[in-house]
Amino acid sequence: MIDIKILRENPELVKTNAKRRGCDVDIDALVKLDADYRALLTEVEEMRALRNKLSKECATNPAVRDQVKAMKDTMAAKEAQSVELKAQVDAQMAWLPNFFAPDVPVGADDKGNQLLYHVGEKPQFTFKPADHQELFERLGIIDTTRGAKVAQAGFYYWSGAGAQLLDALFFWTKRELVNRGFSLFYTPCVAKEHTLFGTGYLPFFADQTYKLEGQDLALIGTSEQTLVGYHGDETLDAAKLPLAYTAFTPCWRTESGSYGKATRGIFRVHQFHKVEQIVFCRPEDSEAQHIRCLENEEHLLKQLGLHYRVVNVCDGDMGAPGYKKYDIEAWFAGFNDYREVTSNTNLTDFQARRLGIKYSDRATGQKGFCHTISATAVTDRVALAILEHYQQADGSVVVPEVLRPFTGFSRILPNGKAE
RNA sequence: GGAGAGGUGGCUGAGUGGUCGAAAGCAGCGGUUUGCUAAACCGUCGUACAGGGUAAACCUGUACCGGGGGUUCGAAUCCCCCCCUCUCCGCCA
């Protein structure tokens, strides 16, 4: 949610931004709606003030009772009308996107993203590297057929050495983040509509959500929803900021409308697994915290020995809540291309306004809405990148050094066994 | 799933129709005292929205005692529905 005062004082700014983000809310109409609402609100409040004043006289002078009674119907009608107008304003405000950082590139889609830099080198192979789908089949560590049998296409099993590799990756990642000042959480894997709205997933990505029948609950699309929602309707002590949280959860997404996109392997699926980074901070600190999360992501990928590039995501590729976003695209040897493995967004006060997450500085008296940063640490995709990066001529896959203490093995053999 | 109890300001906790935005205590904040700390004493201390004011201070109004609806001139207080929390029993990872 943006500050409605900006809409009132500078509608052109909002209009330009809405246009750039493909938002079709009629800004002029909204400004007028809001003005109408406030005029009516003033009227209603004046009537109430009069009513309250006269009511006090009723105790000593019963005669004014009839006068107040006569006001009731008009008052009720105007009250109802103002509630209705407010609801309309709120409904439109909910669709207004966040503003962009000044350095967000212009572009239609991910092709417009600005390449910032590469890290590491592409691995060299003496053979044609397999993509992860081929590797699964060879190693028998992922099973999409049974995933579809038991659940649906888009679900899958990791098993044996593959599951152990994934386990090691997630455990190691959480440990690294804790060492870097993050508090570890286990969160609910469902959340109510208000939480999804507050984090900006509703109304913008409504069709991506798995809803639970007959309940005000949905499967989470990311632990961002439950971790940011954690501090909803709270005022945080500025002296304790920034707060950095991490959690591992499954993430569910219907991916409706994305059929046919990256269907090979398990790159785009209905359920994946993620270690997340969430930061709550003061507004002036969010740029630095955004970088902090990016550095964490890079630290992890560097330790894993993966080759990747960092991009500054363009306007056309960014969701409505985002102010600025860095994606990291790892090299997938089998795909022979870079693919997104992590995503790191500065949401400024967009979520905090919707959820009511404020900060208060006792020393200076400064108050306001927090800024939130939401960044991937690792997901299944990182494990896929590992598989493609570390495949050997003999069909085995070498485990990155840092994960070996957690896997207990250093190589996954072509038969799926580990040694 | 069955039975009961309860939801009031940051916390504890009074308050059953107007004088209640709400007693008191604690915490917080400002001050006095003190060599320092502690204690004591005095003062202060909710949020949101709208309007005014210099986008500060501040002033005015409205709303808020879990949420929604109702009764009434007037509701924290009476009535209805819902949500949540706690306790006991049952079941169970």
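Those letters in the first sequence? Residues 85 to 503, by the numbering used here. All residues carry an ideal CB built from backbone N, CA and C; glycine is no exception.
Identified DSSP bridge partners for residue i
{"i": "V462", "result": "V359"}
{"i": "R495", "result": "V482"}
{"i": "H455", "result": "C365"}
{"i": "A502", "result": "I496"}
{"i": "Y241", "result": "D227"}
Beta carbon of residue i nearer than 9 Å to that of residue j
{"i": "C394", "j": "E413", "result": "First, the amino acid is wrong: residue 394 is Val here, not Cys. The answer is yes: Cβ separation under 9 Å."}
{"i": "L311", "j": "I350", "result": "no"}
{"i": "V109", "j": "A119", "result": "no"}
{"i": "G500", "j": "I225", "result": "yes"}
{"i": "T257", "j": "I304", "result": "no"}
{"i": "R337", "j": "H354", "result": "yes"}
{"i": "L388", "j": "V482", "result": "no"}
{"i": "S458", "j": "T210", "result": "no"}
{"i": "C398", "j": "Q198", "result": "yes"}
{"i": "K408", "j": "D87", "result": "no"}
{"i": "M402", "j": "T429", "result": "yes"}
{"i": "W179", "j": "C273", "result": "no"}
{"i": "A447", "j": "A252", "result": "no"}
{"i": "G449", "j": "Y443", "result": "no"}
{"i": "T330", "j": "L261", "result": "yes"}
{"i": "A192", "j": "G400", "result": "yes"}
{"i": "V359", "j": "F254", "result": "yes"}
Where residue i sits in the DSSP three-state scheme
{"i": "G231", "result": "helix"}
{"i": "L180", "result": "coil"}
{"i": "Q387", "result": "helix"}
{"i": "Q475", "result": "strand"}
{"i": "Q198", "result": "strand"}
{"i": "R393", "result": "strand"}
{"i": "I226", "result": "strand"}
{"i": "F266", "result": "coil"}
{"i": "A372", "result": "helix"}
{"i": "V203", "result": "strand"}
{"i": "A214", "result": "coil"}
{"i": "Q208", "result": "coil"}
{"i": "I111", "result": "helix"}
{"i": "D87", "result": "coil"}
{"i": "G246", "result": "helix"}
{"i": "N94", "result": "coil"}
{"i": "C273", "result": "coil"}
{"i": "R488", "result": "helix"}
{"i": "R527", "result": "A query on residue 527 cannot be resolved here, the shown segment of the chain reaching from 85 to 503 and no further."}
Distance between residue j and residue i (C-alpha atoms, nearest Å)
{"i": "G440", "j": "R366", "result": "14 Å"}
{"i": "A232", "j": "H216", "result": "18 Å"}
{"i": "L134", "j": "S166", "result": "18 Å"}
{"i": "D433", "j": "N380", "result": "22 Å"}
{"i": "L471", "j": "L249", "result": "10 Å"}
{"i": "F281", "j": "Q435", "result": "9 Å"}
{"i": "L497", "j": "S243", "result": "14 Å"}
{"i": "K276", "j": "S494", "result": "42 Å"}
{"i": "K153", "j": "A164", "result": "18 Å"}
{"i": "D194", "j": "R423", "result": "11 Å"}
{"i": "L124", "j": "K162", "result": "7 Å"}
{"i": "K206", "j": "L327", "result": "36 Å"}
{"i": "N94", "j": "M177", "result": "15 Å"}
{"i": "Y294", "j": "L390", "result": "33 Å"}
{"i": "A502", "j": "A245", "result": "6 Å"}
{"i": "S340", "j": "F288", "result": "13 Å"}
{"i": "R352", "j": "T460", "result": "16 Å"}
{"i": "L138", "j": "V148", "result": "7 Å"}
{"i": "L219", "j": "R259", "result": "28 Å"}
{"i": "P213", "j": "T228", "result": "21 Å"}
{"i": "G284", "j": "H374", "result": "18 Å"}
{"i": "R122", "j": "K140", "result": "27 Å"}
{"i": "Q172", "j": "L117", "result": "8 Å"}
{"i": "K99", "j": "H278", "result": "27 Å"}
{"i": "P484", "j": "I90", "result": "50 Å"}
{"i": "R437", "j": "G204", "result": "39 Å"}
{"i": "D291", "j": "L320", "result": "33 Å"}
{"i": "R264", "j": "T126", "result": "51 Å"}
{"i": "D300", "j": "G313", "result": "15 Å"}
Contact test: residue i Cβ vs the ligand FAD heavy atom, cutoff 8 Å
{"i": "E308", "result": "Absence of the ligand FAD is noted for the structure shown, with no ligands found whatsoever."}
Checklist entry - Going along the chain, which unbroken runs of the alpha helix (DSSP H) with 4 or more residues stay wholly within the stretch 275-362? => result 277-282 and 307-313
Item to check | Inside the stretch 395-453 only - alpha helix (DSSP H) runs reaching at least 4 residues | outcome: Runs of alpha helix (DSSP H) with 4 or more residues, each lying fully within the stretch 395-453, are found at 434-439, listed in chain order.
Checklist entry - Where in the stretch 123-196 do unbroken runs of the alpha helix (DSSP H), each at least 4 residues long, occur, reported from the N-terminal end onward? => result 148-177
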